[in-house]
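The structure appears right after this line, and notes come after that.
Numbering (our numbering), first residue to last: 79 to 219.
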């Protein structure tokens, strides 16, 4: 876990200075993550608010954060269920850890909806599904 823990402060700093970053939940602990109980052990909760999906996507996949994201199996067990949830908040809202765990539970139970969705199956703030921009493989006819 040393690589993960060592990266926390620089990655949090990078997020906080990234275009589109609004706010993140912080704890009094040095690592700045909420640790919650889930199942048989601890789970890390990283909760942040971004201006829009594009800004979040740039940070998650295109910044130095993406390097650590690609190595996550070194530090975390792979899960079959969603571990990331997105939802829209109104300007000035500061979600709580309980808000996040309820939204994640909703996503795991019902799949992506306007209330709780995933990185791959998103909804606009209006509640309408966002068409995927990922290229689809085509079958020759």
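Each residue gets a CB set at the ideal place from its N, CA and C atoms; glycine is no exception.
The beta carbon of residue 97 is closer than 6 Å to those of 133 in its chain, skipping five residues each way along the sequence. Proximity to residue 178 across 170, 192, 162 and 208 peaks at 162, based on C-alpha coordinates. For residue 196, the CB contacts under 8 Å within the same chain, skipping 5 residues up- and downstream, are 160, 162, 163, 164, 185 and 190 in chain order.
Rounded to the nearest whole angstrom, the CA to CA distance from residue 103 to residue 167 is 14 Å.
Rounded to the nearest whole angstrom, the C-alpha separation of residue 202 and residue 208 is 6 Å. Setting aside the 5 residues that flank it on each side, residue 112 is surrounded in the same chain by 105, 123 and 175, each with a C-beta closer than 6 Å to its C-beta; the list follows chain order.
For a cut-off of 8 Å, the C-beta gap from residue 172 to residue 101 is around 6 Å, short enough to register as a contact.
Per the DSSP secondary-structure output, residue 123 pairs in a beta bridge with 112.
In this model, residue 204 and residue 131 are separated by some 14 Å (Cα to Cα).
Within the same chain, and ignoring the five residues on either side of residue 182 in sequence, the residues whose Cβ sits closer than 6 Å to its Cβ are 163.
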